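Working notes, beginning with the structure itself.
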Amino acid sequence: MFPLFIHFTKINRERDKECSIFPITNHLYYITIISQVMILVTVCSMLSMILFNLFTSSVPNYIPVFTFITGSLVYAFNQIVVPIQNFLIFLLAFQRFIIYFYPRSEKFIIPGPKAFKCLLLWLYLISISGNFIYICFIAKCIDEFLKTHIYTCPKIYSTINSAIYISLDFLVIFSSIFYICIFISVRKVTRNSSSLMKTRLEKAILYQTLTLIIVKLLCFPMLYVSLAFLYIVELTLNSLMNAIYYPLFFIDVLTTPIVFQITYLFCNKTNLETLLKMNFRKLKTWMTICCGSPTNIVGNYHNMYSMSNAVTLSY
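Encoded structure:
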C-alpha cells in the first residue's frame, strides 16, 4: 500500500497544487512518508533480532542497539509530529467550515505558502522546545535519583504534557462537528456537493478526518480498561493523564500513516476502479509503481483506461 500511496501522489501532484489546501496536505504527505519509513525500519530491525534468537545461539550486539535507537527515534519523531498533525487536521476542518458559511473570508483564513511555512516553523519550534524541556526535566530527575536514591521529581510537567496532547487529540474528534454542519447545510440546499467539497483532494481530507475519528473512538474500550485498572491501583491526576495519553499516542503512531494512505487510495469510486484495473501480478506494474516517473506512469496507464481516470486521484 505504501508504494501505491507515493505512486498516485506523484501522478496528481500538479493537479493538487491548484487546490488552496495543498500546502497542508503536501506537508502531511511528507510526514506520512517519513513516519512510515521509520516504523518499517524499526519493525525490520525487531524481526531480525527475533530471527537471530530463533536460528542462532546469540544476537549480534549491534542489532539490539540499532533497534533501540530506531525505536527511540520513532517515539521522538511522533512525539513532536503527531500533535502538529492533529492541529493541522483541526485547522483544515475549521477553514472548510468558516469558508463555507462565510465565503468572503477565504482570502483571510487560508494562509499563503509563505505564511504557512511560517506557521509550520512556529509549530515545530514550540513542539521541539516543549519536548526538549521535558527531556532535560526528566534527565535532571534521574540524575538526582542516582545521587540520592530518592525519587522527588514533581509530576506537574508530565501532567501538563499529557493534557496538551490529549486536548489536541480530542480536537480531531471535535472537528467532525464542522463537517457535519456543512453536510447538513448542503443536504438542505442541493443534492450536489458544495464547491468546497467537489475536489477529490478535499474529499480525501474529509474522509481522513472521519476515519481518524472512528479509529480514535475505537480506542475508548482500551482507555476504559486502563482507567479501570488505575482505579483499582492508584488514582492521581498524573496517573489519570498517563492512562489516557499512552494508549492515544501509540494508536496515533500506528494508525495515522495507515489512515492517510487508505483514504488517499480509496476516497472515491474512481480511485477504487483505477486500482482494480492495475495488474499487480505483473512485475512491470510494480517496476512502474516503484521506479517510474509520473509522466511514464500516466503514459503506461493510458493503454489500460482513459487518461482522465488516471489523473483524478487526489490526496
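Residue 784 is where the sequence shown starts when you use the working numbering, and the numbers rise one by one after that. C-beta atoms are modelled at their ideal positions from N, C-alpha and C, and glycine is treated no differently. Every value quoted in this text rests on a predicted model; they were computed, and no experiment measured them.
For Phe788, the closest C-alpha among the options Glu797, Ser803, Gln819 is that of Gln819. Comparing alpha-carbon positions, the option among Leu902, Tyr813, Gly854 lying closest to Cys827 turns out to be Gly854.
Classified as exposed, Phe838 has fewer than 16 neighbouring CB atoms from the shown chains inside 10 Å of its CB. The C-alpha of Phe1032 lies about 21 Å from the C-alpha of Leu875. CA-to-CA, the gap between Cys802 and Ile1045 works out to about 21 Å. Asn795 is positioned such that its CB atom lies no closer than 7 Å to that of Gln862. By the criterion of a C-beta distance shorter than 8 Å, Phe870 is surrounded in its chain by Leu906, Leu951, Leu954, once the five residues flanking it on both sides are discounted. Rounded to whole angstroms, the gap between the alpha carbons of Ile925 and Tyr858 is 20 Å.
With 16 or more neighbouring CB atoms inside 10 Å of its own CB, Leu811 falls in the buried class. Secondary structure of Pro843 (DSSP, three-state): coil. Taking Met829 as the centre and dropping the five residues before and after it, the same chain places the C-beta of Thr850 closer than 7 Å to its C-beta, in chain order.
Here the alpha carbons of Ile804 and Phe920 stand approximately 38 Å from one another. Collapsing the DSSP output to three states places Pro866 in a helix. A straight line joining the alpha-carbon of Asp799 with that of Pro843 spans about 47 Å.
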